[in-house]
Every structure is written in C-alpha cells, then in structure tokens.
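K.L.:
Position one of the sequence shown corresponds to residue 28 (the numbering used here), numbered consecutively onward.
Dropping the structure in here first, questions after.
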Amino acid sequence: MTPDRLATADLLRLALDAIHQARDVEAVRLLQRVLEREPDNLHVQYLLAIQHAQLGLFDRAEERLRAVLEVLPEFVVARFQLAQLLLMRGTAKDAREWLAPVLAQADPLGAYARGLSAAAEGDLDRACAVLEAALRLPQPVPALAGDMRRLCEQWRETATA
C-alpha cells in the first residue's frame, strides 16, 4: 500500500519506526505527509524539527522549533532541544534563555539542561561532570541519554585538541 492510501496514524507509526531505525530521510518524508494532512499537529512539527537537526538542516530545525514553542511554550523537551541546537550553533545567550524554565527540574532533562547551561557559560569540564552525573540516573529517553553522552565526548575531545 502506498503512503497516500495509509491512514494518518499509520503514517505516523511508520515515521516513528524510521526515526528509531535512523532512517532520517524516510522519516522526514513520512512526517511531511502527516503534516500535509494535519498542519497544526505540534508533535509532528517537533519530530520533523528534530529530524531536520539530525540531517544537519539546522536553520529549518531552529525555525520549526521556534514555531512550536511560540504556540506551546511549556513544551519542555522542545525548549531543551532548541537550546541544544542554539548552543551547537554558538548562540549561548539565547540558549541559556530557552533553558531557564528547565533548569529547576529534578529529572535527567533538568540535569542535562544544567549541563548545557554550564557549557553555554564556557565551562565544559563542569558541563561534562553534570551530564555524566545525570547519565547515572534512570533514563526515561534513552536516545537523549545517548545524545548527551556523545556531546560530552565531543566536548572532551575539543578540550584535548
């Protein structure tokens, strides 16, 4: 059956499968199909932004994350992802502003936010220490934990180089 004939829920399921299997281009195509049918679906817009970031399309990712957060500013994970993207792009001040509401959380996401905030302040040693402590907590989002582990490794490599 072609994607045009699938129900929207089935398209979304296929997109999520593609995301979990790192088939990013396929995931983007499927998410775009879902958005054609449901243009106001903020969850799908968020997922598409994350896939754009995965593919290195940072401008698109940032634009879409900002649009999602304009409608739903309390979407904490989207705030975190936007701050991470901004930090990677060298916009530390803007990243810290987006992280502010997340910093007080006691869960791993809050700890990751505190690590990113330390990195935004230029303290990569403290950032990695905070991230490594957070990685010892139970992880509700294993993919995010993997991202944080890789980010810390990247910072450590940068510091050594």
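All C-beta atoms, glycine included, are put in the ideal place defined by N, C-alpha and C.
At what residue ranges does the stretch 60-109 contain a whole run of the alpha helix (DSSP H), taking only runs of 4 or more?
P.N.:
The qualifying runs are 69-81, 85-98.
K.L.:
For residue 176, count neighbouring Cβ atoms within 10 angstroms of its own Cβ and tell me buried if that reaches 16, exposed if not.
P.N.:
Exposed is the call here.
K.L.:
I need the straight-line Cα distance from residue 231 to residue 102, nearest angstrom please.
P.N.:
Residue 231 falls outside the range modelled here, since the chain spans only 28 to 188, and no answer is possible.
K.L.:
Closer than 8 Å by C-beta to residue 72: which residues in its own chain qualify, once you throw out the five before and the five after it? Chain order, please.
P.N.:
Closer than 8 Å at the Cβ level, and outside the excluded window around residue 72, lie 62, 91, 94, 95.
K.L.:
For the alpha helix (DSSP H) that residue 173 lies in, which residues bound it at each end?
P.N.:
Residues 169-187.
K.L.:
Which of the three DSSP states is assigned to residue 130 in this structure?
P.N.:
If DSSP states are grouped into helix, strand and coil, residue 130 belongs with coil.
K.L.:
Count the other CB atoms, across all protein chains shown, that sit within 10 Å of the CB of residue 16; report buried if there are 16 or more and exposed otherwise.
P.N.:
No statement about residue 16 is possible, as the shown extent of the chain runs from 28 to 188 and does not include it.
K.L.:
On a Cα-Cα basis, can you pick out the residue from 174, 182, 125, 129 that is closest to residue 151?
P.N.:
Here the closest residue by C-alpha is 182.
K.L.:
Expressed to the nearest angstrom, what Euclidean distance is found between the alpha-carbon atoms of residue 174 and residue 104?
P.N.:
Looking at the two C-alpha atoms, the distance is approximately 13 Å.
K.L.:
Given this structure, state the Cα-to-Cα distance separating residue 160 from residue 143, to the nearest angstrom.
P.N.:
Each residue's Cα considered, the two are about 13 Å apart.
K.L.:
So, with DSSP's three-state summary, where would you put residue 111?
P.N.:
Three-state result, residue 111: helix.
K.L.:
Please report the distance separating the alpha-carbon of residue 86 from that of residue 119.
P.N.:
Rounded to whole angstroms, residue 86 to residue 119 spans 16 Å at the Cα level.
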